[in-house]
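Q: What follows is a single structure, and I will ask about it in a moment.
Numbering (my numbering), first residue to last: 35 to 1667.
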């Protein structure tokens, strides 16, 4: 029978996924009970332990991921009401009990049961003693069972303390030794504890110095011998029969009489400290016993901290399946109806149906029908059934998570060892994969979804997706309330569920009550029928009433079920307590653990009144647990992530509670909901977030909530819920600071819950909160990285670093803090190797229109839109249906929240104050009204004129309002007095628009009389007039720096004026109709001009059009406004509202202005790269002729120079000591540079064609020997003397032109490799003599050679061919030593390590093979995702670096054949250079002007020691650029100038006194790409603007921008090659695996 991971079978659910949920055998909850004979006896120990011990224990539990709950019990009569709860907790396996035993036996407790005959005898005796037996009859009730009759104590009377005292006194009178009815409370509890033999039980025994009993203090000791002996005997029994390690005895050097005074002495304080330490350590030991700490793995090759998606899927499946089993009744009622629906479901295929929706009123049993269907389907061998309760878990809300989880479960059904589909978050792709798997499984698959109306779709990934197309053998059954339509699955069949009759309801109630151990008697049924006659609207409510009646709690028929229950709870626990409890459960979506509820109560009631001597009230936890467990018809529970979570049983209860419990005086429901959610968010803050309230946390009021626990596990509930509570709490800055702009939190979400949940989090947050930071991170970082993160979740940090650093100059502080936190996280990350970008080159995608809505019931052309300060709402007016009204539109809910009415004529203008609370409106009725956004009744009306008000404007200091009217007057109105304090009547036409300078000193007025005038408000005089206007003014805007005024007129002109000089600067062109609105961005760079149906964005300074924003409707843009923080532009057009991101308009051009010195237009893509022999720098050249040097330690561009303008750099080479470098260009010119400073030393003209090869092959200061070759295969060996100032500074020694694309080996000097001869099946090896070049040997294959490589020692040559083989040759003599056969198609690339014992290659069949070169055997064969075209290997052969044709760079372990890390460059990789240990990887990209530099953090490869003299130092290399701590101005470390080993573009070269670089050019286009380095000479134009890189003096760890752009000669001595103290580097050598 086909089943999914055993979780389908009910009996196996508890053990299903055990390796996932119960990994490490951890226990996620521990209840600790403190049991006292009386509270008074141990008041000091209790206070000291709670005050000083709880803190330490809770910290221990939090570190292990264990919730610690505290409960105190005593024999005091007022605590007997909790006796049943105590028994319940004692029976739990992992409960820790600390039982305190002193010198008092304590109080006696009444018997819970009395035998029928014994009760009669007892009653008769009491009657004979003339005792009132009414108390006995009141407390005990007769109950009959199969075992017989007995009298049981009525638990509800235990709260009657006086009655209990009288009852015990009465029973003491008649009690005898033969029939003992009374037992000491503490003795009774100890007997229970000893019978359990639980190692989690601890006994505290305290004794005093002996003294006469009658002189003892009765609070601390018995004064009667009988009672004293009883407690001593009890302690002796414990000592004799229990583990000594769990018994702590304290003999105090004082008597009970002097105990009060003794505890205030130094000895008493020491006793308290010693007592707390011993007990705390023991409790921590017990907590730790079943909690295995997962130590960090030392094998970083195979470890990963990220949870596999399969594990997340199984965890979710277990939760829903457990909830199904827990929720279904023991027996099914009304089987006729259920079987009828079941028949319809099984006949869906025959009827051509694929979806059925069960529809009905709330609370009538829709979910129960779904449970019945799930059970029936699971019992059918031909079906696979999945059930999902939407909203049960955070993963069951978005469609991409639900269907993706089911996809993984179906894949698990195929019993394949690996995922058989391409993972995606796009619903169409997910469903297509589901279809393929269903076809493979060949079974009917049913998906049952409860409350499908709650299902959400990510618009940024799946748009407005609707499930329309049928998938063969896939059937969907879901439930939905009556008054809601299912838009997700349109055109489906509904089955309407009718309300059950009263008798049917009674039958259902009986079945549910029996499962919950609720006994419903005849009288209860009678009262229940009466209630159902009054309220037969909900089965959920009826079940609550049944429980109340079963507990003999009176029910008022006029009130609903839950209100009856809550009134009862209020009488027991107090109105304030219950209201707060209900408020928390109403506001939560996913419920609470009991610890969370207790913490909520502690924290919400204590911080403001906290004093040092206060301790938490541990009694709260008893009341909370009792309510949640006893009234299980109101509260439901389910198990998620090994924790018991409680929530309201039904949504209908929440609706009934909202009116009564989500409102307080002075707060509306929305405000109260926000306050409550902020309280709920506070319980997940870590101790460092409390600041002045930190002491509260450390004294037990708050349970610590670290994000990452000591054992490395994620705090799951914190990452699941804290962000949601902060989002609903309305505190956007807290939301960003603590969660969604906090990298550790983002990484924890991804690690613990997967990328799908991260998408859901940001999708919901951006939908409910319009925030620029969240939108940028979501749309420009997460969304573009989806495919990368699906492939490798650990790339979340590199993606954040690479993308956000590109826009660092324009980022907000929150976004830049993500980058800094991500870099710090990389520094601390040690679980596995990780590829991290050290420079940035990935430009962010342009954000499209982020908001668009069509307003319902709106008509008119002149809409006025004014965003509020936080831009979550927009003030609107201009609706012709109601022109006198102002609307407050909520962006997230897309609804009208508030309407402001009061004007009698059309409202023409709106202006909001800087305080964000008030706004002003002007109207044709001649008034200006000042409104309160949060109180519509708080309005002030100012009648200023009988003329119409055209415009009004709040001052920046919110003290006055400027207005303009049709009577040609501009006025200044004092807000406080409402009086006009200044008037400016100089205009002859209507005042159309107004602007105020930032200091409120000047008023700028635009009028219909073709004039714009500037007034001094304080002096009340005209200052200047802007000349040159030829038509009435339509709109106007002022820059924030008060420098420029932009004026639009009826003649379609737009002019820019200087406010200082009043002169016209320029006129904007490019629009073709009348301008209706205008705005200037807050950065004073952009002008937004509204015309018909579009907005044109101009550059204010050069008048060029930047962008055109289309609005759709062919109507004028009614208004344009920028938000307060310059993040968004909001426009109204007809009945549509539009919003765009301002900062994305020219982000790609201007994001790094501080890095560039000037713009240039030519192509600056990198075409040539070379790493220095000491691996401390890299030189690159561009197509436009720019050459630049990069410091690889700090990843900074040190200098840039121009080789020859417009001539592409084709070859670069360093001297052995890295002191000089030489460059060659496409015109044959060569230049010698001083490497450190970028100073041009010599210009050499030997060649006339493009240089293809350059090598320094020997010599040293003052003379070097150089080898060069050009495109015509003209080769020269020549001497170069850099310091020779004469014309003879170079001398050509040998010239030849017989070898194609030659490579001269540095060690051999006279050995040349001709890359390809005319016969492409062979490579020719030549020997250079004094005046000739002779063929020495050949490396050959039966088909074309496609790639070759050699080791650093230049002893071994490896060739790959189309004949699917590789061959290993000895370079010195040309002998063939090994043939490697194993590929199934042509070899594309190859590499060999320094020792020559490991060869790696890839072929067209996408197989990467790691070979043992000595034996010729295959060590590992790996199937890759894409075709690899470049491969490199570290010097020791431990790490392989590959680059494929899709832009992926991957690191592999040659020892294990496993993937270590992967990184997506998002472009075509032209070549690959790596350091000896792969700590630095340089990968230039085609047509990209930036230089990508990566680091393999935690590389397992070791640095091979170079051959050096005694005085030479080893190479110091920081392991991660994020750990670089010294400034750029510091000197670079010394390196040996002797031989060294390095890897360059697939070639292994060993440096010695004489070197020949392995750089060559493949000039024949028909050849396949080879693994050797090549010069890219492509002439593709790239018009990206480039500017000169600057060198910062700050501590640089990652490079802001990697462009090589400048033509300006720059010489920096900031980074010299003098020595550096190695202690300043955090890491000097990489660890060797």
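The C-beta atom is built at its ideal place from N, Cα and C for all residues, glycine as well.
(1) Roughly how many angstroms lie between the CA atoms of residue 945 and residue 1095, to the nearest whole one?
(2) Return helix, strand or coil for residue 321, following the three-state DSSP convention.
(3) Residues in the same chain with beta-carbon distance under 7 Å from residue 1615, minus the five sequence neighbours each way, listed in chain order, please.
(4) Taking the straight line between their C-alpha atoms, what separation do you get for residue 815 and residue 1015?
(5) Hey, residue 1412 and residue 1389 are a contact pair by Cβ (cut 8 Å); roughly how many whole angstroms apart?
(6) In three-state DSSP terms, what is residue 916?
(7) Since residue 901 is in the beta strand (DSSP E), which residue starts that stretch and which ends it?
(8) Would you decide whether residue 993 is buried or exposed? Buried here means 16 or more other CB atoms lie within 10 Å of its CB.
(9) Using DSSP with H/G/I as helix, E/B as strand and the rest coil, what is residue 744?
(10) Per DSSP, which one or two residues make a beta bridge with residue 285?
(11) Quick check on residue 520: does DSSP put it in helix, strand or coil?
(12) Using the beta-carbon count (16 or more within 10 Å), is residue 94 buried or exposed?
(13) So what's residue 1146 in DSSP terms, helix, strand or just coil?
(14) Under the DSSP definition of a beta bridge, which residues are partnered with residue 1263?
(15) Can you tell me whether DSSP reads residue 2 as helix, strand or coil?
(16) From the DSSP output, which residues share a beta bridge with residue 492?
(17) Tell me whether residue 556 is buried or exposed, calling it buried when 16 or more other Cβ atoms sit within 10 Å of its Cβ.
(18) What's the C-alpha gap between residue 765 and residue 717?
(19) Can you check the segment 868-908 for any beta strand (DSSP E) of at least 3 residues that lies completely inside it and give the ranges in chain order?
(20) Fully enclosed by the segment 396-422, which alpha helix (DSSP H) runs are 4 residues long or longer?
(21) Determine, using beta-carbon pairs with one atom in the segment 605-616 and one in the segment 575-592, whether at least three such pairs fall under 8 Å.
(22) When you compare the CB positions of residue 499 and residue 552, do they come within less than 7 Å of one another, or not?
(23) Between 309, 256, 64, which has its C-alpha nearest residue 87's C-alpha?
(24) Suppose you measure from the CA of residue 101 to the CA of residue 352; what does that come to, to the nearest Å?
(25) Take residue 303 as the anchor and find which of 1352, 746, 81, 1462 has the nearest alpha-carbon.
(26) Grab the span of the alpha helix (DSSP H) containing residue 349 for me, first residue to last.
(27) Measuring alpha carbon to alpha carbon, tell me which of 1007, 1032, 1167, 1079 ends up nearest residue 1039.
(28) For residue 938 and residue 691, I'd like the C-alpha separation in whole angstroms.
(29) Using DSSP's beta-bridge definition, name the partner residues of residue 186.
(30) If you draw a straight line from the alpha carbon of residue 363 to that of residue 349, how long is it in whole angstroms?
(31) Nearest CA to the CA of residue 904: which residue from 1162, 312, 1209?
(32) Quickly, what does DSSP pair residue 581 with across the bridge? List them, please.
(33) Residue 1100 bridges to which residues according to DSSP?
(34) Quick one: Cα of residue 344 to Cα of residue 420, how far?
(35) Decide if residue 1128 is buried, meaning its Cβ has at least 16 other Cβ atoms within 10 Å, or exposed.
(36) Kindly indicate which residue of 1160, 1120, 1157, 1149 has the alpha-carbon position closest to the one of residue 1141.
A: Reading from the atomic positions:
(1) Walking along the chain shown from the start, residue 945 turns up at place 911. Walking along the chain shown from the start, residue 1095 turns up at place 1061. Each residue's Cα considered, the two are about 28 Å apart.
(2) Here residue 321 is taken as the residue at index 287 of the chain shown, counted from 1. Helix.
(3) Within the chain shown, the letter at position 1581 stands for residue 1615. Per-residue confidence for residue 1615 stands at a pLDDT of 37, beneath the threshold of 50, marking its modelled position as unreliable; no derived number is given.
(4) Counted from its first residue, the chain shown places residue 815 at position 781. Counted from its first residue, the chain shown places residue 1015 at position 981. Between residue 815 and residue 1015, the alpha-carbon positions lie close to 52 Å from each other.
(5) Within the chain shown, residue 1412 is the residue found at index 1378, counting from 1. Within the chain shown, residue 1389 is the residue found at index 1355, counting from 1. Incorrect: roughly 13 Å between the Cβ atoms, too far for contact.
(6) One-based indexing of the chain shown puts residue 916 at position 882. Coil at residue 916, not helix or strand.
(7) What you label residue 901 is simply residue 867 of the chain shown in a count that begins at 1. Start and end: 898-901.
(8) Within the chain shown, the letter at position 959 stands for residue 993. Exposed, because fewer than 16 other Cβ atoms sit within 10 Å of the Cβ of residue 993.
(9) Here the question's residue 744 lines up with position 710 in the chain shown. Here DSSP, grouped into helix, strand and coil, assigns residue 744 to coil.
(10) The count along the chain shown starts at 1 and reaches residue 285 at position 251. 241, per the DSSP bridge assignment.
(11) As a first step, residue 520 must be located in the chain shown, where it is residue number 486. Reduced to three states, the DSSP call for residue 520 is coil.
(12) For the purposes of this step, residue 94 is taken as the residue at position 60 of the chain shown. So residue 94 counts as buried.
(13) In the chain shown, residue 1146 corresponds to position 1112, counting from 1. In this structure, residue 1146 counts as coil in the three-state DSSP scheme.
(14) Counted from its first residue, the chain shown places residue 1263 at position 1229. Its beta-bridge partners are 1279.
(15) The requested residue 2 does not occur in the structure, where the chain is confined to residues 35 to 1667.
(16) The residue given as residue 492 occupies position 458 in the chain shown. None, per the DSSP bridge assignment.
(17) Here residue 556 is taken as the residue at index 522 of the chain shown, counted from 1. Looking at its Cβ environment, which holds fewer than 16 other Cβ atoms inside 10 Å, residue 556 is exposed.
(18) What you label residue 765 is simply residue 731 of the chain shown in a count that begins at 1. What you label residue 717 is simply residue 683 of the chain shown in a count that begins at 1. Approximately 16 Å between the Cα atoms of the pair.
(19) 868-871, 885-888, 898-901
(20) Residue ranges of uninterrupted alpha helix (DSSP H) with 4 or more members, entirely inside the segment 396-422 and ordered along the chain, are 400-412.
(21) no
(22) Along the chain shown, one-based indexing puts residue 499 at 465. Along the chain shown, one-based indexing puts residue 552 at 518. No, the Cβ-Cβ distance between residue 499 and residue 552 is not below 7 Å.
(23) On the chain shown, residue 87 is found 53 positions in, with the first residue counted as 1. Cα-wise, what sits closest to residue 87 is 309.
(24) Start at 1 with the first residue of the chain shown, and residue 101 comes out as number 67. Start at 1 with the first residue of the chain shown, and residue 352 comes out as number 318. Going by the C-alpha atoms only, they are around 21 Å apart.
(25) Position 269 of the chain shown holds residue 303. Closest by alpha carbon: 81.
(26) In the chain shown, counting from the first residue as 1, residue 349 sits at position 315. Here the alpha helix (DSSP H) through residue 349 covers 343-361.
(27) Here residue 1039 refers to the residue found at position 1005 of the chain shown. Of the listed residues, the one whose Cα sits closest to residue 1039 is 1079.
(28) Counted from its first residue, the chain shown places residue 938 at position 904. Counted from its first residue, the chain shown places residue 691 at position 657. Cα to Cα, the separation comes out at about 40 Å.
(29) For the purposes of this step, residue 186 is identified with residue 152 of the chain shown, where counting begins at 1. DSSP links residue 186 through a beta bridge to 147, 175.
(30) Here the question's residue 363 lines up with position 329 in the chain shown. Here the question's residue 349 lines up with position 315 in the chain shown. Rounded to whole angstroms, the gap between the alpha carbons of residue 363 and residue 349 is 24 Å.
(31) Taking the chain shown and counting its residues from 1, the one referred to as residue 904 is at position 870. Nearest C-alpha to residue 904: 1162.
(32) Taking the chain shown and counting its residues from 1, one reaches residue 581 at position 547. Looking at the DSSP assignment, residue 581 forms no beta bridge with any residue, so it has no partner.
(33) Indexing the chain shown from 1 puts residue 1100 at position 1066. Residue pairing by DSSP places residue 1100 opposite 1090 in a beta bridge.
(34) Here residue 344 is taken as the residue at index 310 of the chain shown, counted from 1. Here residue 420 is taken as the residue at index 386 of the chain shown, counted from 1. So the alpha carbons of these two residues sit roughly 16 Å apart.
(35) Here residue 1128 corresponds to residue number 1094 of the chain shown, with the count starting at 1. It counts as buried.
(36) For the purposes of this step, residue 1141 is taken as the residue at position 1107 of the chain shown. Residue 1141 has its Cα closest to that of 1120, out of 1160, 1120, 1157, 1149.
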